[in-house]
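Peer 1: Got a structure here, written out as structure tokens. Questions coming.
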Amino acid sequence: MTEVVLFGIVGLIAVAAAAFMVISPTKNAVHSALALVLTMGCLAFLFLMLNAPFLAMIQITVYAGAIMVLFIFVIMLLGAEKLDVRETRFPWLPVLGLVLAIVLLLVIGLPILNSGLNVMEPVANAPRVRVVNAASDLAPVNVAFNEQVVATDLEFGAVSQFTPVPAGDYSVTVTPEGGAPITTAVNLEPNSTQTVIAYGDAANVMFAVVPDDLSTVSEARSSRVVVFNAYDPQTTVSLVDFGSDSNAADTTTYANEVGYGTYSEPVILEEGAHNLAYIAGGDVPDADSELVLFRNQEYELPRDESQLIVVMPEPLFDGTVRAAAVTFADTARASFGGPRAVGTLLFVDYMLPFQLLAMLLLAAMVGVIVLTRHHLPGAKDRINVRRKVSRPLTNVISSQVGHEVVDEAPAQLPAQTEQRETAGD
């Protein structure tokens, strides 16, 4: 109920701010731009209510920040903050437009509300399935779901890609190379992701269906781990973390006594290095005990992954087998509105629209620069133009020499007198 109340309040503020921007009672373009900033802020709050903090921050920084600053800069640069207040020919036209908009909203909205349509039901997705070959001495196999082939030449310890198939009942056929086909029945529900594991040996191949949870890992910097026991019918497997070799008290058990042909509950582990070990039974032995079937020392676990670890018998050259833990990792779904989810959408699914939007913003910026650039006369325009000075040249010279130079008589050469000849002898 709180979300509905907040949505109503914030929605009304957004609509009122948008109406103020269009109507502009103050006849000031800057006030209209500030009303648009308020509308953007309300939209960011609605994104926060939808658990999309990254989109909310983008709404504030890009739209309410950069783009609105550009709008206000252009308005102030052009001196267009004051609107033309001349009387319009039809002053009743804005009111009529508002009334028609409300009437059209009611005409369209009321039938939709009274129709009983439930548009909130999500569309069911087709199930996805993959196959793991964990049978120790089974030759490479071909796997088919009814008539649809999902894997070919699948060797021991290998896994096929996830394949979407229609929901329903299927007959899974595993055909070893040069052998007879082996079939089993599985049911695939909509919106499910499952792994079919073929385990055992060539004489007795069994199948298990393990659901894969690829949803968002709610814990930060963590991953999801599931353990499947395909090792030995007489042995249960436990997953432990011995921790530091110098401290025997920091051993942690994550999955306890997983039976043959079964899988553990999902375990959430933090990213980083782990000293993992797979032991026989439920009692935690020493790190060097014979009960330790397999160890993953300094196992680096990345974040936001869903891992299926299959403990299977690995055949050796002497005919014996040993335990091996094979990890099949898949990326978990990114959190809604998070940076990884938004980046995947923008740069994978919507790469072309994203680039077109960038080109549009670039063209808009260039257009703003062209519109606001003052015209400067070129070099050719200044050839025959007489230069204007604010002060005459004589006044400038007078200020430099300290007296007027116009009224003075021009300087005269000294008069030459006749030179008398000297008396001779």
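Position in the sequence shown (from 1) plus 299 gives the number in the working numbering. Every residue, glycine too, gets a C-beta built ideally from N, C-alpha and C.
#1: By DSSP's criteria, G477 is part of a beta bridge. Which residues make up the other side?
#2: Please confirm whether L600 and E570 have their CB atoms less than 8 Å apart.
#3: Who does G499 pair with in a DSSP beta bridge?
#4: Return the chain-ordered list of same chain residues with a C-beta closer than 8 Å to the C-beta of A317, the five sequence neighbours on each side being excluded.
#5: Let me check understanding here. Comparing Cα to Cα, which of G499, T325 and T626 lies closest to A529?
#6: Which runs of the beta strand (DSSP E) fall wholly inside the stretch 563 to 633 and span at least 3 residues, in chain order?
#7: Is D544 helix, strand or coil when you go by DSSP?
#8: Which of the three DSSP states is assigned to E446 in this structure?
#9: How many angstroms separate the CA atom of R523 from the CA atom of M658?
#10: Considering just the uninterrupted stretch of the alpha helix (DSSP H) at A301, what are its terminal residues?
#11: What are the boundary residues of the beta strand (DSSP E) that S522 is part of?
#12: What are the boundary residues of the beta strand (DSSP E) that includes A554?
#13: Can you have a look at P612 and say buried or exposed, based on whether 16 or more other CB atoms are within 10 angstroms of its CB?
#14: Given a cut-off of 8 Å on the beta-carbon distance, is the pair V504 and I481 in contact?
#15: Helix, strand or coil: how does DSSP classify R429 here?
#16: Is the CB-CB distance between V536 and A579 below 8 Å?
#17: How many Å lie between A313 and V321 at the Cα?
#18: Is I407 buried or exposed, if buried means 16 or more other CB atoms sit within 10 Å of its CB?
#19: CB-CB under 7 Å to N445, same chain, minus the five flanking residues each way: which ones, in chain order?
#20: Straight-line CA distance for P638 to A363?
#21: On the CB-based measure, 16 or more other CB atoms within 10 Å of its CB, does Q358 come out buried or exposed?
#22: Please check the pair F653 and A624, which I expect to be a contact at CB under 8 Å, by giving their CB distance rounded to whole angstroms.
#23: In chain order, what residues of the same chain lie with their CB nearer than 7 Å to the CB of G477, ignoring the 5 residues before and after it?
#24: Considering only the alpha carbon of each residue, which of I371, T643, S605 and Q447 lies closest to R512?
#25: If you measure between the beta carbons of P584 and L575, is that distance less than 8 Å?
#26: Pull up the distance between the alpha-carbon of T451 and that of V440, whole angstroms please.
#27: With DSSP run on the structure shown, which of helix, strand or coil describes V509?
#28: Since M473 contacts F627 with CB under 8 Å, what's their CB separation in whole angstroms?
#29: Grab me the residues of N490's own chain with a C-beta within less than 6 Å of its C-beta, minus the 5 sequence neighbours each way, in chain order.
#30: Output the distance between the C-alpha atoms of R429 and Y559, rounded to the nearest integer angstrom.
#31: Give me whichever residues DSSP pairs with Y469 in a beta bridge.
#32: Taking A501 as the reference, give the member of D549, N432 and A355 with the closest Cα.
#33: Within 8 Å (strictly less), CB to CB, does T626 reach chain C?
#34: Ignore the nearest five residues each way along the sequence and tell me which others in S401's own chain have a CB closer than 7 Å to its CB.
#35: Given a cut-off of 8 Å, decide if A631 and A640 are closer than it, judged by their beta-carbon atoms.
#36: Kindly indicate which residue of V557, T561 and L568 has the alpha-carbon position closest to the one of T551.
Peer 2: With the given structure in hand:
#1: One-based indexing of the sequence shown puts residue 477 at position 178. According to DSSP, which records beta bridges pairwise, G477 is partnered with nothing at all.
#2: Here the question's residue 600 lines up with position 301 in the sequence shown. Here the question's residue 570 lines up with position 271 in the sequence shown. Yes, they are a contact pair.
#3: Looking up residue 499 in the sequence shown gives position 200. Its beta-bridge partners are A434 and V504.
#4: Translated into the one-based positions of the sequence shown, residue 317 becomes position 18. For A317, where only same-chain residues beyond five positions count, the Cβ hits under 8 Å are A334, L335 and T338.
#5: For the purposes of this step, residue 529 is identified with residue 230 of the sequence shown, where counting begins at 1. The residue with the shortest Cα to Cα distance from A529 is G499.
#6: With a minimum length of 3 residues, the continuous beta strand (DSSP E) runs that stay inside the stretch 563 to 633 are 566 to 569, 571 to 579, 591 to 600, 604 to 614 and 620 to 630.
#7: For this step, residue 544 is matched to residue 245 along the sequence shown. Under the three-state reduction of DSSP output, D544 falls in the coil class, being neither helix nor strand.
#8: By one-based count along the sequence shown, residue 446 stands at place 147. DSSP places E446 in coil when its eight states are reduced to three.
#9: By 1-based counting over the sequence shown, the position of residue 523 is 224. By 1-based counting over the sequence shown, the position of residue 658 is 359. Between the C-alpha atoms of R523 and M658 there is a straight-line separation of about 41 Å.
#10: Start at 1 with the first residue of the sequence shown, and residue 301 comes out as number 2. The sequence as given places Thr at residue 301; Ala does not occur at that position. First-last of the alpha helix (DSSP H) with T301: T301 to I322.
#11: Numbered from its first residue, the sequence shown carries residue 522 at position 223. From DSSP, the beta strand (DSSP E) with S522 extends over S521 to N528.
#12: Here the question's residue 554 lines up with position 255 in the sequence shown. Per DSSP, A554 belongs to the beta strand (DSSP E) from T551 to V557.
#13: Along the sequence shown, read from residue 1 onward, the residue named residue 612 stands at position 313. The residue is buried, with at least 16 neighbouring Cβ atoms inside 10 Å.
#14: Taking the sequence shown and counting its residues from 1, one reaches residue 504 at position 205. Taking the sequence shown and counting its residues from 1, one reaches residue 481 at position 182. Yes; because the gap between Cβ atoms is below 8 Å, this pair is in contact.
#15: Your numbering for residue 429 matches position 130 in the sequence shown. Reduced to three states, the DSSP call for R429 is strand.
#16: Counting from 1 along the sequence shown, the entry for residue 536 is found at position 237. Counting from 1 along the sequence shown, the entry for residue 579 is found at position 280. V536 places its beta carbon less than 8 Å from that of A579.
#17: Locating residue 313 in the sequence shown gives position 14, where the first residue counts as 1. Locating residue 321 in the sequence shown gives position 22, where the first residue counts as 1. Their backbone Cα atoms lie some 13 Å apart in a straight line.
#18: Counting from 1 along the sequence shown, the entry for residue 407 is found at position 108. By the neighbour-count rule (16 or more Cβ atoms within 10 Å), I407 is not buried but exposed.
#19: To locate residue 445, count along the sequence shown from 1; it is residue 146. Scanning its chain for C-beta atoms nearer than 7 Å, with the 5 sequence neighbours on each side dropped, one finds around N445 the residues Y469 and S470, in chain order.
#20: What you label residue 638 is simply residue 339 of the sequence shown in a count that begins at 1. What you label residue 363 is simply residue 64 of the sequence shown in a count that begins at 1. Inter-residue distance for P638 and A363 is about 19 Å (C-alpha atoms, whole angstroms).
#21: Mapped onto the sequence shown, residue 358 falls at position 59. A buried status is given to Q358, since no fewer than 16 other beta-carbon atoms sit within 10 Å of its beta-carbon.
#22: Sequence index remark: in the sequence shown, residue 653 carries index 354 (1-based). Sequence index remark: in the sequence shown, residue 624 carries index 325 (1-based). With 8 Å as the limit, F653 and A624 do not qualify as a contact, their Cβ atoms being about 41 Å apart.
#23: Here residue 477 is taken as the residue at index 178 of the sequence shown, counted from 1. Excluding residues within five positions, the ones whose Cβ falls inside 7 Å are A438.
#24: Numbered from 1 along the sequence shown, position 213 holds the residue referred to as residue 512. Note that residue 512 is Asp in the sequence shown here, rather than Arg. It is S605.
#25: Here residue 584 refers to the residue found at position 285 of the sequence shown. Here residue 575 refers to the residue found at position 276 of the sequence shown. Not a contact, by the Cβ cut-off of 8 Å.
#26: Taking the sequence shown and counting its residues from 1, the one referred to as residue 451 is at position 152. Taking the sequence shown and counting its residues from 1, the one referred to as residue 440 is at position 141. Approximately 6 Å, taken between the alpha carbons.
#27: Position 210 of the sequence shown, counted from the first residue, corresponds to residue 509. Secondary structure at V509: strand, using DSSP grouped into helix, strand and coil.
#28: Counting from one through the sequence shown, the residue named residue 473 turns up at place 174. Counting from one through the sequence shown, the residue named residue 627 turns up at place 328. According to the sequence as given, residue 473 is Val; it is not Met. V473 to F627, Cβ: 18 Å. No contact.
#29: Indexing the sequence shown from 1 puts residue 490 at position 191. Excluding the 5 residues flanking it on each side, N490 has same chain C-beta neighbours closer than 6 Å at A423 and N424, in chain order.
#30: Your numbering for residue 429 matches position 130 in the sequence shown. Your numbering for residue 559 matches position 260 in the sequence shown. Across the structure, R429 and Y559 are spaced so that their CA atoms are roughly 20 Å apart.
#31: Sequence index remark: in the sequence shown, residue 469 carries index 170 (1-based). Note: Y469 sits in a beta bridge opposite V485.
#32: By one-based count along the sequence shown, residue 501 stands at place 202. Ranked by Cα distance from A501, the options D549, N432 and A355 are led by N432.
#33: In the structure shown, chain C cannot be found, because there is only a single protein chain.
#34: To locate residue 401, count along the sequence shown from 1; it is residue 102. It is worth fixing the name first, because residue 401 is Ile in this sequence and not Ser. Within the same chain, I401 has no close Cβ partners at all.
#35: The residue labelled residue 640 in the question sits at position 341 within the sequence shown. The residue labelled residue 631 in the question sits at position 332 within the sequence shown. Judged by their CB atoms, A640 and A631 are not nearer to each other than the 8 Å cut-off.
#36: Within the sequence shown, numbered from 1, the residue matching residue 551 stands at position 252. That would be L568, whose Cα lies nearest to the Cα of T551.
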